[in-house]
Amino acid sequence: MQLRVPAMMQSGRKAILQLSQKKAKSSDRVGLTLIDNTLAIAHVDYRNGEPVLIKCEALSLKSEKDAAQTLATLVEDWQLQDKQCSFVLNRKDYHLHLVEAPEVEPDEMRAAMRWKVKDLLDMKVEEAAIDVFEVPDDAYRGRKMVYVVAARIARIQSIANLVNDSGMQLAVIDIPELVMHNLTRRFIDDEHGVVFIDLRRNGSTMNISHHGDLYLTRRINTQLEPNAMQSTDWAALKDRLVLEIQRSLDYYQSQMAQSPINRIVISQRELDTADMVAALNEALNAEVVALDLSEHFERETELTPATQQACMAALGATLRGATPKAATELATQEAA
-12 MQLRVPAMMQ
-2 SGRKAILQLS
8 QKKAKSSDRV
18 GLTLIDNTLA
28 IAHVDYRNGE
38 PVLIKCEALS
48 LKSEKDAAQT
58 LATLVEDWQL
68 QDKQCSFVLN
78 RKDYHLHLVE
88 APEVEPDEMR
98 AAMRWKVKDL
108 LDMKVEEAAI
118 DVFEVPDDAY
128 RGRKMVYVVA
138 ARIARIQSIA
148 NLVNDSGMQL
158 AVIDIPELVM
168 HNLTRRFIDD
178 EHGVVFIDLR
188 RNGSTMNISH
198 HGDLYLTRRI
208 NTQLEPNAMQ
218 STDWAALKDR
228 LVLEIQRSLD
238 YYQSQMAQSP
248 INRIVISQRE
258 LDTADMVAAL
268 NEALNAEVVA
278 LDLSEHFERE
288 TELTPATQQA
298 CMAALGATLR
308 GATPKAATEL
318 ATQEAA
């Protein structure tokens, strides 16, 4: 199950996080991120079930304070008024915890987890917006586990204000782990299990999925600059990265009792995608390939490696709720 949509509501001055998804009024979807003073935005229109990328851009800001005016200008220039927007949180805006689920009804899970994780939070539980998403039943040898997402209500409210004040409508607040999973479900074959890794300077994210389900997600601490392979520290960085990846693969196989993974996909990097693929192929006992989103999206705009890296989360956010491509193709074949 994926993290469902939090819609902001007001009760007096207190913002409450609710799990309910707004029904899209049109086929247009907008994905948005704000990370390290970079505003990344993607506008996708669905035509005959296929996502068509209309525009995609990453804009540098002097500070986050400039985001409101910049976004409002983009909404006017791109004619995005009243479009539904999916905002992807920055890694520093939330915490993710894997915990054992209590035996409660599904509609009581979020409230139950709020108190189960209160001692893990770096904020008062009353200040936290809490959401959960499950892992498959066979992931932990019969133990029911869930991922708990915790973010400050004040931050969630500021995001809602930013998006709604721009002229768009906030439909989804998402996290990088799940927008990466959107990309996997739509564009990557995980019938036999697959690893999808996003490598970047502020830390990397690694997902393992199988048959469309997200089994494991973790953050990789190795920080890789766009020109990491030109660094004098590259040998040490590579060893550290390979060790972190291999430990996760071993955990998935031994502790989660799953079949070995023999395919790893990395997202596009700004400068060194092909060389990174070659280096990891040499160091790991798995086939390593790159996901080039320019080959998967029908496009009305250019999608360079640099744009893909800057806008990957925004692009993935536009795929929430979309039928996986494999399922679409299967339905078409059955109809024929």
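At position 248 of the sequence shown (counting the first as 1) the number is 235 in the numbering used here, and the numbers step up by one without a gap. A virtual CB, placed ideally from N, CA and C, is assigned to each residue, including glycine. Quick caveat, the model's predicted, so the values are computed rather than measured.
- The alpha helix (DSSP H) runs lying completely inside the segment 136 to 221 and spanning 4 residues or more are 140 to 153 and 163 to 174, given in chain order.
- Taking C-beta atoms under 8 angstroms as the contact rule, valine 17 and threonine 288 fail to qualify, at a distance of about 14 angstroms.
- Put simply, of Leu203, Ala223 and Thr204 the residue whose alpha carbon is nearest the alpha carbon of leucine 211 is Ala223.
- DSSP places glutamate 269 in no beta strand (DSSP E) but in the uninterrupted alpha helix (DSSP H) bounded by 260 to 270.
- Our two residues, aspartate 259 and leucine 186, have alpha carbons roughly 11 angstroms apart in a direct line.
- Here serine 191 is buried, its C-beta having at least 16 other C-beta atoms within 10 Å.
- Using a C-beta cut-off of 8 angstroms, the segment 142 to 154 makes no contact with the segment 31 to 50, since fewer than three inter-stretch Cβ pairs fall below that distance.
- The beta carbon of arginine 101 is closer than 8 angstroms to those of Val112, Ala115 and Ile117 in its chain, skipping five residues each way along the sequence.
- Counted as a single uninterrupted DSSP element, the beta strand (DSSP E) harbouring threonine 25 occupies residues 25 to 34.
- Under the three-pair Cβ rule at 8 angstroms, the segment 248 to 258 counts as touching the segment 273 to 287.
- Annotation: isoleucine 195 to valine 181 spans about 6 angstroms, alpha carbon to alpha carbon.
- For glutamate 121 and leucine 203, the gap between their C-alpha atoms comes out near 10 angstroms.
- For the options Val264, Phe174 and Asp109, the alpha carbon positioned closest to that of glutamate 37 is the one of Phe174.
- Cβ atoms of glycine 199 and aspartate 177 come within 8 angstroms of each other, at about 7 angstroms.
- Secondary structure of tyrosine 134 (DSSP, three-state): strand.
- Under the three-state reduction of DSSP output, alanine 304 falls in the helix class.
- As computed with DSSP, aspartate 15 is found in a beta bridge with Asp32.
- For leucine 40, no alpha helix (DSSP H) encloses it; the enclosing beta strand (DSSP E) starts and ends at 37 to 47.
- Under the 10 Å beta carbon count, glycine 129 is surrounded by fewer than 16 other beta carbons and is classified as exposed.
- Residue environment: threonine 219 is assigned as exposed (fewer than 16 neighbouring CB atoms within 10 Å of its CB, all protein chains considered).
- Glycine 308 has its alpha-carbon roughly 15 angstroms from the corresponding atom of asparagine 35.
- Using a Cβ distance threshold of 9 angstroms, methionine 110 and arginine 139 count as a contacting pair.
- Taking 4 residues as the shortest admissible run, the segment 78 to 132 contains the following complete alpha helix (DSSP H) segments, listed from N- to C-terminal end: 96 to 103.
- With fewer than three CB-CB distances shorter than 8 angstroms, the segment 87 to 96 does not count as touching the segment 52 to 67.
- By the Cβ neighbour-count rule, valine 119 is buried, with 16 or more other Cβ atoms within 10 Å of its own.
- In the assembly as shown, valine 150 is a buried residue. Its beta-carbon has 16 or more other beta-carbons within 10 Å.
- Listed in chain order, the non-local C-beta contacts of alanine 266 below 8 angstroms within the same chain comprise Met216 and Lys225, local neighbours out to five positions each way being set aside.
- Per DSSP, leucine 280 lies in no alpha helix (DSSP H) and is assigned neither H nor E.
- Valine 75 is bridged by DSSP to Thr20 and Asp161.
- Classified as exposed, valine 91 has fewer than 16 neighbouring CB atoms from the shown chains inside 10 Å of its CB.
- The DSSP-derived three-state label of serine 246 is coil.
- For serine 254, DSSP records a beta bridge to Leu278.
- Secondary structure note for leucine 61: its alpha helix (DSSP H) is the uninterrupted segment 54 to 64.
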